[in-house]
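Engineer: When the letters of the sequence shown are read in order and numbered with this note's numbering, they come out as residues 3 to 392.
Glycine included, every Cβ here is placed at the ideal spot set by N, Cα and C.
Before I ask anything, here is the structure I am working with.
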Amino acid sequence: MEHKSDLLNWYNHKKLDNNADLQNYFLDYHPEMPVFYYVITRNGEIINGDESFPEIRGNVLRLINGWNPKNKEVRHETIKMGNGKSMSLLLSGKSVFKNNVYIGTIYTGTNITMQIYIVKVLVTVLFAISVIFIGLSILLGYYMSGKAMVPIVNAFQRQKEFVTNASHELRTPLSILQSSLEVIEADEREKLGEFSLQVFDDMKDELRRMTKLINDLLLLARSDANAIKLTKEWFPLTPIIDELIRKCRPLAEKKHIKFSTNIQGNIAIYGDKERIIQLLFILLDNAVKYNIENGYINITIKHEQKNVKIEISDTGIGIPSEHQKFIFERFYRVDQSRSRNQQGNGIGLSIAKWIVDAHGGTIHVQSEEGKGSRFIITLPQTTNLKIGVK
Ligand code: ADP
């Protein structure tokens, strides 16, 4: 450090003798890579020191002015140089006492600009490398899982094709059986004995159930393949509800279930009529199936903002809360034992959900076990709602 004399001249210090103790104390001080060290008396006079960059002296003295460093205290400071660059400094100091009387402080500082720069570069490089590695591993993972999924996707595809084909193939023999039974019924019903009549009616029921199952499976398979196009039109809901209640009444009457409706005006909606009928039938059929003796079913339909809101509530056995989020999944049936005496296969609500989704609506359930269930559907009506369509 060549600037020692310059530094001392700068202060033009005249009291060196008075500070001999302090000065001597620091004669043994050999910092390894200092940028500066200053020995400053308690009166703020520099009595010894050295520096590598005289141009930063003013800044450094301002920084350490009034600073009484604690034991092992280190400060990190950045100062602006004349050339516009910054210098990072680590500052530390030590107070010196003689006979327990504070006589001054030695301050020292080290330039760590390069180290900080290296650390910053390393962090940036590490960050860039991590991003590249994460990107690569995502790509690799995607590629590998894609490869691993190929057989599963193929098998699933084949299974879907099988269901579609099988359902399709089964429809023809089922409809032949259906019409054959109708012919026999028309011609021979009176000639049948009581037992044969019972067998005949059971056959008709089973055939109806099978036809419905096949149709449902075919619908799901076709919806998976996006092969179903909705045919939308405006149509009024009241006549549909009346007809559906008529359809459900025979089964409902067996359990003495009563229907009530609360339909706002002559609400019409814009959607695929056949699908909406299917949706409402699934919900009404369930409301009857899972209802109790002498129970009630209410159908409420109203406008709510830009939606038509349909609520179907029953006073039936209800759905335990832990099952409610699963009931719209395929083949899900709540507690097999309680559903056993009800015909069904867990497809109905998944079809209902598909129909609602296809119309851009929502469906959810509120239910309490032992008290009943309420299915709430909202169907958005983007064009102006039409009320009073005949
Ligand atoms: P399925 O009725 O053929 O079993 P769904 O998909 O229509 O199939 O219904 C799934 C399950 O949700 C049913 O098995 C039944 O346990 C329950 N569930 C549906 N609707 C009701 C309801 N209104 N009340 C009580 N439970 C219901």
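Note the first and the last residue of the continuous beta strand (DSSP E) segment covering residue 239.
Structural biologist: Here residue 239 belongs to no beta strand (DSSP E), and DSSP marks it neither H nor E.
Engineer: DSSP three-state label for residue 336, please.
Structural biologist: It is coil, neither helix nor strand.
Engineer: Taking all protein chains shown into account, do 16 or more other C-beta atoms lie within 10 angstroms of the C-beta of residue 30, making it buried, or fewer, making it exposed?
Structural biologist: Confidence at residue 30 is low in this model, with a pLDDT of 45, below 50, so its placement is unreliable and no value can be given for it.
Engineer: Is any heavy atom in the ligand ADP found nearer than 8 Å to the beta carbon of residue 298?
Structural biologist: no
Engineer: Can you give me the C-alpha to C-alpha distance between residue 148 and residue 283, rounded to a whole angstrom?
Structural biologist: 40 Å
Engineer: What I want to know is whether the C-beta of residue 372 ends up closer than 8 Å to one or more non-hydrogen atoms of the ligand ADP.
Structural biologist: no
Engineer: Sorry if obvious, but does the Cβ on residue 199 come closer than 8 Å to a heavy atom of the ligand ADP?
Structural biologist: no
Engineer: Using a 10 Å radius around the Cβ and a threshold of 16 neighbouring Cβ atoms, would you call residue 138 buried or exposed?
Structural biologist: exposed
Engineer: Nearest by alpha-carbon distance to residue 159: which of 176, 227 and 134 is it?
Structural biologist: 227
Engineer: State yes or no: is the C-beta of residue 248 nearer than 8 Å to some heavy atom of the ligand ADP?
Structural biologist: no
Engineer: Does residue 223 pass the burial test, meaning 16 or more other C-beta atoms within 10 Å, or should it be called exposed?
Structural biologist: buried
Engineer: Out of 381, 217 and 274, which one is the CA nearest neighbour of residue 176?
Structural biologist: 217
Engineer: CA-CA distance, residue 374 and residue 321?
Structural biologist: 8 Å
Engineer: For the 8 Å Cβ check, are there 3 or more pairs between the segment 198-208 and the segment 258-268?
Structural biologist: No, because fewer than three Cβ pairs between the segment 198-208 and the segment 258-268 fall closer than 8 Å, the two stretches do not touch.
Engineer: So, for residue 232: in the same chain, excluding its five sequence neighbours on each side, which residues have a beta-carbon less than 8 Å away from its beta-carbon?
Structural biologist: 273, 274, 277, 360 and 361
Engineer: Name the DSSP beta bridge partners of residue 310, please?
Structural biologist: 305 and 381
Engineer: To the nearest angstrom, how far is it from the Cα of residue 240 to the Cα of residue 210?
Structural biologist: Taking the Cα positions, residue 240 is about 27 Å away from residue 210.
Engineer: DSSP state of residue 375, grouped into three classes?
Structural biologist: strand
Engineer: Pull up the CB-CB distance for residue 252 and residue 309, whole angstroms please, since I reckon it's below 8 Å.
Structural biologist: Actually they do not touch by this definition, with Cβ atoms about 33 Å apart.
Engineer: How is the alpha helix (DSSP H) around residue 319 delimited, first residue to last?
Structural biologist: Careful: residue 319 lies outside any alpha helix (DSSP H) and carries neither H nor E.
Engineer: Which of helix, strand or coil does DSSP assign to residue 212?
Structural biologist: helix
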